[in-house]
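*Asks:*
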Amino acid sequence: MIIPEEVSSFLLAQSFVVACSIDADGYPHSSCKGVVEIIAPAGEIYLLDLYKKRTYGNILRSGRFSVTAVEEHGFKGYCLKGEAEIILKERLPAEVLKLWEKRITARLAQRLITNLGGRKGHPFHPEALLPAPEYMIKLNVASIMDLTPAVLKT
Numbered sequence: 003m004i005i006p007e008e009v010s011s012f013l014l015a016q017s018f019v020v021a022c023s024i025d026a027d028g029y030p031h032s033s034c035k036g037v038v039e040i041i042a043p044a045g046e047i048y049l050l051d052l053y054k055k056r057t058y059g060n061i062l063r064s065g066r067f068s069v070t071a072v073e074e075h076g077f078k079g080y081c082l083k084g085e086a087e088i089i090l091k092e093r094l095p096a097e098v099l100k101l102w103e104k105r106i107t108a109r110l111a112q113r114l115i116t117n118l119g120g121r122k123g124h125p126f127h128p129e130a131l132l133p134a135p136e137y138m139i140k141l142n143v144a145s146i147m148d149l150t151p152a153v154l155k156t
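Take our numbering: the final residue in the sequence shown is number 156, and no numbers are missing along the way.
#1: Determine contact between the stretch 20-27 and the stretch 56-67, defined as no fewer than three beta-carbon pairs at a distance below 8 Å.
#2: What are the boundary residues of the beta strand (DSSP E) that V38 is part of?
#3: What are the start and end residues of the beta strand (DSSP E) that includes R93?
#4: Report the option in R105, V143, Q16 and N142 whose CA atom is closest to the CA atom of K78.
#5: Quick one: Cα of S68 to Cα of H75, how far?
#6: Give the DSSP-derived three-state secondary structure of Y58 in the structure shown.
#7: Please state whether DSSP places F12 in a helix, a strand or coil.
#8: Candidates R109, D51, G45 and G119: which alpha carbon is nearest V143's?
#9: Start and end of the beta strand (DSSP E) containing S68?
#10: In chain order, what residues of the same chain have a beta carbon less than 8 Å from the beta carbon of P6, not counting five sequence neighbours either side?
#11: Considering only the alpha carbon of each residue, which of K83, S10 and V37 lies closest to K158?
#12: If I measure Cβ to Cβ from S32 and keep anything under 6 Å in the same chain, skipping five residues before and after, which residues do I get?
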């Protein structure tokens, strides 16, 4: 499924998305993930997952997966559903790995600017402490749900 430009831009503008996989008992498991790249014509979203824990195991067991992003102030959001797979670092396109480094650098810079502006967040810079990615999640999008209430659509 082709991902429309409006949806792609919206997802990339978010600092994170909520990803949902299915655990061994059949229940949803939600976690925050960073969007690294969207290949809209192919309907692919690359997400970062660093810890090889629940989400990783859930995808190996069942690829059913969704990604949700909302913007409260604009009262807008999307839920993208499909099948996820684990893509090992060696199989990732070089441009996707470079984008990960670029996004981490941008997040570090934004955190520093925010802290310098007097708005204190985490006392450390968590992004600098993250391990290097061993793999990424690739979501092959099958459906897109617009979460904007119908009365607000123009």
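Idealized CB from N, CA, C, for every residue including glycine.
*Replies:* The structure says:
#1: These segments touch.
#2: As a first step, residue 38 must be located in the sequence shown, where it is residue number 36. Run containing V38: P30 to I41, per the beta strand (DSSP E) assignment.
#3: The residue you call residue 93 lines up with position 91 of the sequence shown. Careful: R93 lies outside any beta strand (DSSP E) and carries neither H nor E.
#4: As a position in the sequence shown, residue 78 is number 76, starting the count at 1. K78 has its Cα closest to that of Q16, out of R105, V143, Q16 and N142.
#5: Numbered from 1 along the sequence shown, position 66 holds the residue referred to as residue 68. Numbered from 1 along the sequence shown, position 73 holds the residue referred to as residue 75. Between the C-alpha atoms of S68 and H75 there is a straight-line separation of about 23 Å.
#6: Taking the first residue of the sequence shown as 1, we reach residue 58 at position 56. When DSSP states are grouped into helix, strand and coil, Y58 belongs to the helix group.
#7: In the sequence shown, the residue the question calls residue 12 occupies position 10. Three-state DSSP puts F12 in a helix.
#8: Within the sequence shown, residue 143 is the residue found at index 141, counting from 1. That would be G45, whose Cα lies nearest to the Cα of V143.
#9: In the sequence shown, residue 68 corresponds to position 66, counting from 1. Here the beta strand (DSSP E) through S68 covers R66 to E73.
#10: For this step, residue 6 is matched to residue 4 along the sequence shown. The residues are A42 and I146.
#11: A question about residue 158 goes unanswered here, because the residues of the chain that appear run from 3 up to 156.
#12: To locate residue 32, count along the sequence shown from 1; it is residue 30. Take S32, set aside five residues on each side of it, and the residues of its chain with a beta-carbon closer than 6 Å to its own are V20 and C22, in chain order.
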